[in-house]
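Enquirer: Quick one: this structure, given as structure tokens, is what I'll be asking you about.
2 protein chains.
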Amino acid sequence: MAVKTDTRPGTRERLLASAARLFHARGYHATGIASILKEARVHAGSLYHYFSDKEELLCGVLQHYRQILRPVLLEPVEAVEADPVERVFGLMAFYRRLLADSDFGSGCPIGNLALELGDSVPAARAEIEANFGAWAREVATWLGPARERFPAGTDLERLAEFVLTTMEGGLMLARARRSFEPFDHAVESLREHFRLLERAGGA
Amino acid sequence: MAVKTDTRPGTRERLLASAARLFHARGYHATGIASILKEARVHAGSLYHYFSDKEELLCGVLQHYRQILRPVLLEPVEAVEADPVERVFGLMAFYRRLLADSDFGSGCPIGNLALELGDSVPAARAEIEANFGAWAREVATWLGPARERFPAGTDLERLAEFVLTTMEGGLMLARARRSFEPFDHAVESLREHFRLLERAGGA
Numbered sequence: 001m002a003v004k005t006d007t008r009p010g011t012r013e014r015l016l017a018s019a020a021r022l023f024h025a026r027g028y029h030a031t032g033i034a035s036i037l038k039e040a041r042v043h044a045g046s047l048y049h050y051f052s053d054k055e056e057l058l059c060g061v062l063q064h065y066r067q068i069l070r071p072v073l074l075e076p077v078e079a080v081e082a083d084p085v086e087r088v089f090g091l092m093a094f095y096r097r098l099l100a101d102s103d104f105g106s107g108c109p110i111g112n113l114a115l116e117l118g119d120s121v122p123a124a125r126a127e128i129e130a131n132f133g134a135w136a137r138e139v140a141t142w143l144g145p146a147r148e149r150f151p152a153g154t155d156l157e158r159l160a161e162f163v164l165t166t167m168e169g170g171l172m173l174a175r176a177r178r179s180f181e182p183f184d185h186a187v188e189s190l191r192e193h194f195r196l197l198e199r200a201g202g203a
Numbered sequence: 204m205a206v207k208t209d210t211r212p213g214t215r216e217r218l219l220a221s222a223a224r225l226f227h228a229r230g231y232h233a234t235g236i237a238s239i240l241k242e243a244r245v246h247a248g249s250l251y252h253y254f255s256d257k258e259e260l261l262c263g264v265l266q267h268y269r270q271i272l273r274p275v276l277l278e279p280v281e282a283v284e285a286d287p288v289e290r291v292f293g294l295m296a297f298y299r300r301l302l303a304d305s306d307f308g309s310g311c312p313i314g315n316l317a318l319e320l321g322d323s324v325p326a327a328r329a330e331i332e333a334n335f336g337a338w339a340r341e342v343a344t345w346l347g348p349a350r351e352r353f354p355a356g357t358d359l360e361r362l363a364e365f366v367l368t369t370m371e372g373g374l375m376l377a378r379a380r381r382s383f384e385p386f387d388h389a390v391e392s393l394r395e396h397f398r399l400l401e402r403a404g405g406a
């Protein structure tokens, strides 16, 4: 074979990490295959060994995000925070750091891809849904041990979805205004919501 | 002058309406000047009579959105809904119709432009902030007469900002999933927030 392929361990992971970083920083459409290859220090032949095209690479990136959800987002919060409700706010702090690190340029990588792609890459839609679904289920699981602190019948999946909505809305407004303020206000309002739930639950 | 200009009444308004519609449906960058002229049935000379370039047209569109906030969004809700809190949900129903009318393609026109433009058109940033600010101030004004129903010291501007955050986050997730469900859940959670506030206020 004349095409150079690099199938050593780590090549696929390097491609995914570079694609993830560039899609997040610049968007999917604005990222050329060439810049992914350059950043990952991989030849085109190796890319096409693992992924048939850019859309398949995108789906790989979205699967990668789902795989790193536990080790990168959830476990670091679990390691420092035992209280179920405080864990939610530990997760919000993670997204605040994303805002800071990107100088308000990029918020949630999944949310950004969701908005940019719309319906243009159907294969990616299922992966985006799977990411949002896994995120909300994990947060609902976190909240499980606090169930008794909330009013009877509180739907924890719904509450976790509200956390996701607040996070995405807060990031969006913070990016638009290039200010932490809308995000911080969203977090404070979410805290108020949890306080009110606990107050109504304890009554 | 060889350039055809059309300065009759309504020309500027037609340009703004066409630009607003196309920016909302396709995005700012994807909309060419030619398609705006075609839809508005206006010659280029007339466009440049009113706007020096596409960025100035964009700022005109954003000012236009602020001008129609009262007559198009707020007054129709005020006409059918007297209760301050119910007005908030009347406004949410307006955005749900935007989702339906665009087949989940576009949510809040200001939010979409904010995310697409980022920091790339600084002149538009101030106009986007002015739109979000006016929206939240109007909602806070709506809530004023309900102040006594909430706990003492409730910050109505902050509460209005939380309505905006929930609306934008809910639209975003609904567009991503091409489903009303995330938006409807966001609205129900916001209702729960208002119920909890009124419960804590009445206690």
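These protein sequences, in sequence, are chains W and S. In this text, residue positions in the first sequence follow this note's numbering: the first is 1, and each later residue adds one. In this text, residue positions in the second sequence follow this note's numbering: the first is 204, and each later residue adds one. For every residue, glycine included, the Cβ atom is placed at its ideal position computed from N, Cα and C.
1. Mark L15 of chain W as exposed unless 16 or more other C-beta atoms lie within 10 angstroms of its C-beta, in which case mark it buried.
2. Looking at L265 of chain S: is its Cβ nearer than 8 Å to the Cβ of A222 of chain S?
3. Is there a Cβ from chain S that is less than 8 Å from the Cβ of F69 of chain W?
4. Taking 8 Å as the CB-CB cut-off, is H232 of chain S touching chain W?
5. Is it true that the stretch 145 to 161 of chain W meets the stretch 344 to 362 of chain S, where meeting means three or more beta-carbon pairs spaced less than 8 Å apart?
6. Please report how far the alpha carbon of K54 of chain W lies from the alpha carbon of S382 of chain S, in whole angstroms.
7. For a cutoff of 8 Å on Cβ pairs, would you count F152 of chain W as touching chain S?
8. Are the CB atoms of A363 of chain S and F162 of chain W within a distance shorter than 8 Å?
9. Do R96 of chain W and L318 of chain S have their CB atoms nearer than 8 Å?
10. What separation, rounded to the nearest whole angstrom, lies between the Cα atoms of E332 of chain S and P182 of chain W?
11. Can you give me the C-alpha to C-alpha distance between E138 of chain W and A247 of chain S, rounded to a whole angstrom?
12. Among W:D119, W:S106 and W:L171, which has the Cα closest to the Cα of G308 of chain S?
13. A343 of chain S: which of S:A327, S:S305 and S:P287 sits nearest, CA to CA?
14. Could one say the Cβ of F162 of chain W lies closer than 8 Å to chain S's Cβ atoms, at least one of them?
15. Name the chain W residues whose beta carbon is nearer than 8 Å to that of D322 of chain S?
16. Under a Cβ-count criterion, where at least 16 other Cβ atoms within 10 Å of its own Cβ denotes burial, should V291 of chain S be classed as buried or exposed?
17. By alpha-carbon positions, which one of W:A40, W:E78, W:R12 and W:N131 ends up nearest to Y50 of chain W?
18. For H396 of chain S, decide whether its Cβ has a neighbour in chain W, counting only Cβ atoms nearer than 8 Å.
19. Tell me whether the beta-carbon of A327 of chain S lies closer than 8 Å to the beta-carbon of C262 of chain S.
20. Give the list of continuous alpha helix (DSSP H) stretches no shorter than 4 residues that lie fully inside the stretch 110 to 148 of chain W.
21. How is A2 of chain W classed by DSSP in three states: helix, strand or coil?
22. Within the present structure, is the beta-carbon of W135 of chain W separated from the nearest heavy atom of the ligand FAD by less than 7 Å?
23. Can you tell which of S:N334, S:G230, S:L240 and S:L277 has the C-alpha that lies nearest to the C-alpha of R269 of chain S?
24. Could you tell me the boundaries of the alpha helix (DSSP H) in which G60 of chain W lies?
25. M92 of chain W touches chain S at which residues, Cβ-Cβ below 8 Å?
26. Compare the Cα-Cα distances from G336 of chain S to each of W:F94, W:L173 and W:V77 and report the closest residue.
27. If we cut at 8 Å on Cβ distances, does S392 of chain S have a partner in chain W?
28. Note down, in chain order, each residue of its chain lying with its Cβ closer than 7 Å to the Cβ of L367 of chain S, except the 5 sequence neighbours on either side.
29. Taking DSSP as the reference, what is the three-state secondary structure of R290 of chain S?
30. Would you please verify whether the beta carbon of H252 of chain S is less than 8 Å from any beta carbon of chain W?
31. If you reduce the DSSP assignment to three classes, tell me which class H185 of chain W lands in.
32. Tell me whether A205 of chain S is buried or exposed, calling it buried when 16 or more other Cβ atoms sit within 10 Å of its Cβ.
33. Would N112 of chain W and H24 of chain W qualify as a contact pair, given that the criterion is a beta-carbon distance under 8 Å?
34. Mapping DSSP to helix, strand and coil, what is G32 of chain W?
35. I'd like the list of long-range same chain contacts for L294 of chain S, defined as Cβ closer than 6 Å, with 5 residues on each side in sequence excluded.
36. Taking C-beta to C-beta, are L22 of chain W and I36 of chain W nearer than 8 Å?
Expert: This is what the structure holds:
1. As a position in the first sequence, residue 15 of chain W is number 15, starting the count at 1. Flag for L15 of chain W reads buried.
2. The residue labelled residue 265 of chain S in the question sits at position 62 within the second sequence. The residue labelled residue 222 of chain S in the question sits at position 19 within the second sequence. No; because the gap between Cβ atoms is not below 8 Å, this pair is not in contact.
3. Within the first sequence, residue 69 of chain W is the residue found at index 69, counting from 1. Checking the sequence, you will find Leu at residue 69 of chain W rather than Phe. No, because no Cβ of chain S sits closer than 8 Å to the Cβ of L69 of chain W.
4. In the second sequence, counting from the first residue as 1, residue 232 of chain S sits at position 29. No, H232 of chain S lies away from the interface with chain W (no Cβ there is under 8 Å from its Cβ).
5. no
6. Taking the first residue of the first sequence as position 1, residue 54 of chain W is located at position 54. Taking the first residue of the second sequence as position 1, residue 382 of chain S is located at position 179. For K54 of chain W and S382 of chain S, the distance between alpha carbons rounds to 26 Å.
7. Position 152 of the first sequence, counting from 1, holds the residue named residue 152 of chain W. Note on identity: in this sequence residue 152 of chain W is Ala, with Phe being the wrong assignment. Chain S contact via Cβ: absent.
8. The residue given as residue 162 of chain W occupies position 162 in the first sequence. The residue given as residue 363 of chain S occupies position 160 in the second sequence. The answer is no: Cβ separation not under 8 Å.
9. Here residue 96 of chain W is taken as the residue at index 96 of the first sequence, counted from 1. Here residue 318 of chain S is taken as the residue at index 115 of the second sequence, counted from 1. Not in contact: R96 of chain W and L318 of chain S (Cβ atoms no closer than 8 Å).
10. Within the second sequence, numbered from 1, the residue matching residue 332 of chain S stands at position 129. Within the first sequence, numbered from 1, the residue matching residue 182 of chain W stands at position 182. Going from the Cα of E332 of chain S to the Cα of P182 of chain W covers about 11 Å.
11. Here residue 138 of chain W refers to the residue found at position 138 of the first sequence. Here residue 247 of chain S refers to the residue found at position 44 of the second sequence. For E138 of chain W and A247 of chain S, the distance between alpha carbons rounds to 54 Å.
12. The sequence position of residue 308 of chain S within the second sequence is 105, counting from 1. Per the Cα distances, W:D119.
13. Stepping through the second sequence from its first residue, residue 343 of chain S is reached at position 140. With distances taken between Cα atoms, A343 of chain S lies closest to S:P287.
14. The sequence position of residue 162 of chain W within the first sequence is 162, counting from 1. For F162 of chain W, the answer is yes, since a Cβ of chain S falls inside 8 Å of its Cβ.
15. Position 119 of the second sequence, counted from the start, is the residue given in the question as residue 322 of chain S. What D322 of chain S touches in chain W: F104, G105 and R178.
16. For the purposes of this step, residue 291 of chain S is taken as residue 88 along the second sequence, with counting starting at 1. Counting Cβ neighbours within 10 Å, V291 of chain S comes out buried, since at least 16 surround it.
17. Working through the first sequence from its first residue, we reach residue 50 of chain W at position 50. With distances taken between Cα atoms, Y50 of chain W lies closest to W:R12.
18. The sequence position of residue 396 of chain S within the second sequence is 193, counting from 1. Interface residue, yes.
19. Position 124 of the second sequence, counting from 1, holds the residue named residue 327 of chain S. Position 59 of the second sequence, counting from 1, holds the residue named residue 262 of chain S. Yes, Cβ-Cβ distance for A327 of chain S and C262 of chain S is below 8 Å.
20. 122 to 143
21. Looking up residue 2 of chain W in the first sequence gives position 2. The predicted position of A2 of chain W is uncertain, since its pLDDT is 47 and thus under 50; a value taken from the coordinates is nonetheless stated next. A2 of chain W: coil per DSSP, three-state reduction.
22. Questions concerning the ligand FAD fall outside what the structure shown contains, since it holds no ligand whatsoever.
23. As a first step, residue 269 of chain S must be located in the second sequence, where it is residue number 66. Of the listed residues, the one whose Cα sits closest to R269 of chain S is S:N334.
24. The residue labelled residue 60 of chain W in the question sits at position 60 within the first sequence. Note, G60 of chain W: alpha helix (DSSP H), K54 to I68.
25. For the purposes of this step, residue 92 of chain W is taken as residue 92 along the first sequence, with counting starting at 1. Residues of chain S passing the Cβ test: none, with the nearest at roughly 12 Å.
26. Sequence index remark: in the second sequence, residue 336 of chain S carries index 133 (1-based). Nearest of W:F94, W:L173 and W:V77 to G336 of chain S, Cα basis: W:L173.
27. Numbered from its first residue, the second sequence carries residue 392 of chain S at position 189. Closer than 8 Å to some Cβ of chain W, the Cβ of S392 of chain S qualifies, so yes.
28. Taking the second sequence and counting its residues from 1, one reaches residue 367 of chain S at position 164. Hits under 7 Å: F335, W338 and A339.
29. On the second sequence, position 87 is the one that residue 290 of chain S refers to. If DSSP states are grouped into helix, strand and coil, R290 of chain S belongs with the helices.
30. For the purposes of this step, residue 252 of chain S is identified with residue 49 of the second sequence, where counting begins at 1. No, H252 of chain S does not count as interfacial toward chain W.
31. As a position in the first sequence, residue 185 of chain W is number 185, starting the count at 1. In the structure shown, H185 of chain W sits in a helix (DSSP, three-state: H, G or I).
32. By one-based count along the second sequence, residue 205 of chain S stands at place 2. In this prediction, A205 of chain S has a pLDDT of 47, which is less than 50 and means its spatial position is unreliable; what the coordinates show is noted afterwards. Classification for A205 of chain S: exposed.
33. Here residue 112 of chain W refers to the residue found at position 112 when the first sequence is read from its first residue. Here residue 24 of chain W refers to the residue found at position 24 when the first sequence is read from its first residue. Their beta carbons are under 8 Å apart, which means N112 of chain W touches H24 of chain W by this criterion.
34. Locating residue 32 of chain W in the first sequence gives position 32, where the first residue counts as 1. G32 of chain W falls in the coil class under three-state DSSP.
35. Residue 294 of chain S sits at position 91 when you count from the first residue of the second sequence. V280.
36. Counting from one through the first sequence, the residue named residue 22 of chain W turns up at place 22. Counting from one through the first sequence, the residue named residue 36 of chain W turns up at place 36. Yes, Cβ-Cβ distance for L22 of chain W and I36 of chain W is below 8 Å.
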